[in-house]
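S.K.: Protein chains in written order, with the working numbering: chain E, 324 to 481; chain P, -3 to 407.
Glycine included, every Cβ here is placed at the ideal spot set by N, Cα and C.
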Amino acid sequence: MQKSLHIDPGKCTGCLQCEMACSYENEGLFNPSKSRIKVFTFHEEGRFVPYTCTQCDDAWCMQACPVDAIVLNAVTGSKDIVNDRCVGCKVCTIACPFGTVNYNSTSGKVIKCDLCGGNPQCAEACPTGAITYIDADATGLDRMRQWAGKTDTQRAAA
Amino acid sequence: MRHVIIGAGPAGVVAAETLRKRMPQADIVLIGDEPEPPYSRMAIPYHLIGNIGESGTYLRKTEGYYEKLGIEQLQRRVTDLSLAQKQLTLDNGNRISFDKLLLATGSHPVKPPVEGMDLPGVVNCWTLADARQIIARSQPGDDVVLMGAGFIGCIILEALARRGINLTVVEMENRMVPRMMDGNSGTLLKQWCEDKGVRVLTSTRVTGVTQENGRLVVQLDGRDPVPVNLLISATGVRPNTGLAGELECDQGIVVNEHLQTSQPDVYAAGDVAEGRDFSTGGYSVQAIQPTAVQHGALAAANMSGARQAVHQGSINMNVLDTMGLISGSFGLWQGADGGDSVTLNNPASYRYMNLQFADDVLVGANTLGLTQHVGVLRGLIQNRTRLGRWKQRLLDDPTRVMEAYLAHHVP
C-alpha cells in the first residue's frame, strides 16, 4: 500500500519543526528557507497550514522538465529531482500549479518534496500529529487529485 | 496503424511516448532533421555556461530509450508531403506512408531584414550546431553584440557574460523582454544587467552589418558603430510551416481542441501549432516548452482515438533567469479589459510583482526576484479561483498568493 503525507491544519500550532527537520534532512542545516515543506500563516483566522507537494498523478513538473531530471520513484510514488540532470531552468517551478517546486539559488537547481525516500522527517518531527505519513487512501489525496484534474488538460493523455 | 511524427523536439518526443503508452502495437516513426539525439533547445544556455555537456541537453537520458519503446527514429529532412496520398518523401528519396501524421516541426530563428546578416560571424543561438559555433567563436576578451533582448537573448546573456566577453545587447523595443514583461519590470531588468557590466541599448536598431579588417562592424541608428568578433542574432522565432501545404494556416498551423489540423488525420503540436490560448479563448502560437509538451501529449491521445482528450487551452507563461535575476510572466500580464491590478515595486532590491485581475479572478502576473511558490500563480489562473475576500488581501499584499490558494483549496 502506497503511503502519503496527510496534513491536518487544525492540529498545526505553527511551531515550524517540520521546516527545520526537512531542511536538516535535505540540506544538512537548519534553514527553513530551504525546507520543502512550508507552514503558511493566516493571522486573520489564527490558523496555520503546512503544505508541500502532493505527489500528484499529473506531475506537471515531470512532464514539463526538458532534460528528464524529474523521475517517478516507483517505491514511494514521489516525483524526485535528479540533481545531476537538473540544469536549473525553472520551467517546473511555473508548471506546478500548486507552487511546490522551488528554485534553490544556492545550488542553482530546483527542490521539491521526495518524501525523504519513504521516511518523511516532517512527519517524524511534528509534535501534534498535524503531519502524518499514512496509507494513501485515507489522506484525502484523491480530493487533491480531483482538484488537479479540474485544472488539467493533460489527464486524458496519461 | 502507422503514426508518423515530424519533429523530434519536446512535442514530438512526448507524442511518441504517449502513443506508445496507448498503442502498444502501432508503428511509430519519429523524424528529426538534426544530426543529434532529441534534445532541448532550452538547455543550450546551460551548455554554453559549461554546466552540462551536450548530452546534458538530451530530452531523454536512458541509453537505448527510444529503441526500447519501439520508436523508430530517422535523422532525415522531409522534403515533400502529400496529404492526398498520405505519404511523405525524405531527403534521400525514400517515401513513408502514414495513417496519422503529427507535424511537430517547431520554429526557426527570424532573420532580421538587415544588410549583412549572411556574413560569417553572424550566428543564431537556436541549435546545438549554433552553440558549437558560439563556443568556438567567442573567446574571453572578444567583442560580441547580442541582437534582441527577448526570451532567448536574455537567457543566453548570462552564458555569454560568463565567457568573459565584452557584450553589448541591442534591443529595438524600449525595454528588455518586451513580449513577456511590463514596462516597470522590463526596465528594471535592463538596469540589473547594466549594474552587472553589460551594455544594454534599448530603443536601438541594428541598421546593417559590414566587414572590415576581418571583423564585423554592427551599424546602429543614432549611435556609433560597434566592431565585433561575433554577432548573435536572437530576434524571435517563427513556426516552420513549410510542409503545411493546403492545411489552414495563420501564424502557425491552426489546430482545434483536439490538436487536429484542417485535415482530420493530420495533427500539429508545439511551436508550429496555433492552438487555443487558455486566457484569451483565441488561438495563438505560444512557442514555449510547457505548451509543446501539453500539445504533444494531447495530440497523441487524439491520434490514438481518445475522445475526451480535449485541449482547454494553454496558459502562456515564461520563467527567465537573466544573470541571476529571475523573472516570471503568466497569462494576461498586460491586463484584462475592465480588470484591475496591484503592483509591488521595490527597485532598490529588484523585487517586483504585478497581479492582474478580472473581477475577483487572477488572470495574469509579472514577477521579478520571486523564486518561491511561483507556480501557484499558474494554479490560481488556470483554476479560475474566485478569490472573494482574498482579492482585497492580495491588493493589500500581493505576495500572499500561496495563502490565497490554500484558503480556497485546503479544507
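Anything in the stretch 408 to 438 of chain E with a Cβ closer than 9 Å to a Cβ of chain P? List those residues in chain order, please.
M.R.: The stretch 408 to 438 of chain E vs chain P, Cβ under 9 Å: Arg408, Val410, Gly411, Cys412, Lys413, Val414, Cys415, Thr416, Ile417, Ala418, Cys419, Pro420, Phe421, Gly422, Thr423, Val424, Asn425, Tyr426, Asn427, Ser428 and Gly431.
S.K.: Is there a Cβ of chain P sitting closer than 7 Å to that of E/Phe371, yes or no?
M.R.: No, E/Phe371 does not count as interfacial toward chain P.
S.K.: Starting from the beta carbon of P/Glu399, find every residue of chain E whose beta carbon is closer than 7 Å, and list them in chain order.
M.R.: The answer, in chain order, is Phe363 and Phe365.
S.K.: With DSSP run on the structure shown, which of helix, strand or coil describes P/Asp273?
M.R.: Residue state, collapsed to three classes: strand.
S.K.: Is P/Ala4 buried or exposed, if buried means 16 or more other CB atoms sit within 10 Å of its CB?
M.R.: Burial call: buried.
S.K.: For the beta strand (DSSP E) containing P/Ile40, list its first residue and its last residue.
M.R.: First-last for P/Ile40: Ile40 to Ile45, but that is the alpha helix (DSSP H), not the beta strand (DSSP E).
S.K.: Could you check what DSSP says for E/Asp475 in three-state terms: helix, strand or coil?
M.R.: Any reading at E/Asp475 must be qualified, since the residue scores a pLDDT of 40, below 50, and its modelled position is unreliable; no value is offered.
S.K.: Going along the chain, which residues of its own chain have a beta-carbon closer than 6 Å to the beta-carbon of P/Ala408, five neighbours each way excluded?
M.R.: In this structure chain P extends from -3 to 407, so residue 408 of chain P is not present and cannot be described.
S.K.: Taking DSSP as the reference, what is the three-state secondary structure of P/Val222?
M.R.: Of the three classes helix, strand and coil, the one that applies to P/Val222 here is strand, per DSSP.
S.K.: If we call anything under 7 Å between Cβ atoms a contact, is P/Thr206 one with P/Gly112?
M.R.: Yes, these two residues count as a Cβ contact at 7 Å.
S.K.: Taking only the alpha-carbon atoms, compute the straight-line gap between P/His43 and P/Ala7 and give it to the nearest angstrom.
M.R.: Distance between the alpha carbons of P/His43 and P/Ala7 is about 21 Å.
S.K.: If you pair each beta-carbon of the stretch 96 to 116 of chain P with each one of the stretch 196 to 214 of chain P, do three or more pairs fall below 8 Å?
M.R.: Segments in contact, yes.
S.K.: Do three or more CB pairs link the stretch 227 to 247 of chain P to the stretch 450 to 457 of chain E at distances below 8 Å?
M.R.: The answer is no - the stretch 450 to 457 of chain E does not touch the stretch 227 to 247 of chain P, with fewer than three Cβ pairs under 8 Å.
S.K.: When you compare each of P/Glu59, P/Met168, P/Leu55 and P/Lys64 to E/Pro389 by their alpha carbons, which one comes out closest?
M.R.: Among P/Glu59, P/Met168, P/Leu55 and P/Lys64, the Cα nearest to that of E/Pro389 belongs to P/Leu55.
S.K.: Check the DSSP bridge columns for P/Gly324 and list the partner residues they point to.
M.R.: For P/Gly324, which the question treats as bridged, DSSP gives the partners P/Val315 and P/Thr363.
S.K.: Within the continuous alpha helix (DSSP H) that includes P/Ile377, where are the two ends?
M.R.: Where P/Ile377 is concerned, the enclosing alpha helix (DSSP H) stretches over Gly371 to Gln378.
S.K.: Between the Cα of P/Lys107 and the Cα atoms of P/Leu97, P/Val119 and P/Thr101, which residue gives the shortest distance?
M.R.: Of the listed residues, the one whose Cα sits closest to P/Lys107 is P/Val119.
S.K.: Helix, strand or coil: how does DSSP classify P/Glu50 here?
M.R.: If DSSP states are grouped into helix, strand and coil, P/Glu50 belongs with the helices.
S.K.: Shortest alpha-carbon distance to P/Asp220 belongs to which of P/Met177, P/Asn209, P/Val166 and P/Gly182?
M.R.: Of the candidates P/Met177, P/Asn209, P/Val166 and P/Gly182, the one whose C-alpha sits nearest the C-alpha of P/Asp220 is P/Val166.
S.K.: Does the ligand FMN have a heavy atom nearer than 6 Å to the CB of P/Trp188?
M.R.: Summarising the ligand content, the structure contains no ligands, and the ligand FMN is consequently not present.
S.K.: Can you find a CB in chain E that lies within less than 7 Å of the CB of P/Tyr42?
M.R.: So, interface residue.
S.K.: Report the three-state DSSP secondary structure of P/Ala288 (helix, strand or coil).
M.R.: Helix.
S.K.: Could you check the C-alpha separation between E/Asn349 and E/Asp460 for me, to the nearest Å?
M.R.: Near 27 Å, if we compare the C-alpha coordinates of E/Asp460 and E/Asn349.
S.K.: Is P/Lys411 close to chain E, meaning its C-beta is less than 7 Å from at least one C-beta of that chain?
M.R.: No answer is possible for residue 411 of chain P: it lies beyond the span of chain P, which begins at -3 and ends at 407.
S.K.: List in chain order: all unbroken alpha helix (DSSP H) runs of 4+ residues lying wholly within the stretch 325 to 357 of chain P.
M.R.: If we require 4 residues or more, the stretch 325 to 357 of chain P turns out to have no alpha helix (DSSP H) run fully inside it.
S.K.: Per the DSSP calculation, P/Asn120 is bridged to which residue(s)?
M.R.: DSSP, once it has assigned bridges, lists P/Ser229 as partnering P/Asn120.
S.K.: Does chain P have any CB closer than 7 Å to the CB of E/Val390?
M.R.: Judged by the 7 Å Cβ criterion, E/Val390 is in contact with chain P.
S.K.: Starting from E/Asn349, trace the alpha helix (DSSP H) in both directions and tell me its first and last residue.
M.R.: Its alpha helix (DSSP H) spans residues Gln340 to Glu350.
S.K.: With DSSP collapsed to three states, give me the class of P/Val251.
M.R.: If DSSP states are grouped into helix, strand and coil, P/Val251 belongs with coil.
S.K.: Mind checking who P/Glu111 pairs with in its DSSP beta bridge?
M.R.: Answer by DSSP bridge pairing, in chain order: P/Gly204.
S.K.: Going by alpha carbons, who is nearest to P/Val397 out of P/Val222, P/Val289 and P/Ala361?
M.R.: Per the Cα distances, P/Ala361.
S.K.: P/Leu402: which of E/Phe421, E/Cys409 and E/Val433 sits nearest, CA to CA?
M.R.: Considering only alpha carbons, the answer is E/Phe421.
S.K.: Do you know offhand how far P/Pro41's Cα is from P/Ser323's?
M.R.: Going from the Cα of P/Pro41 to the Cα of P/Ser323 covers about 16 Å.
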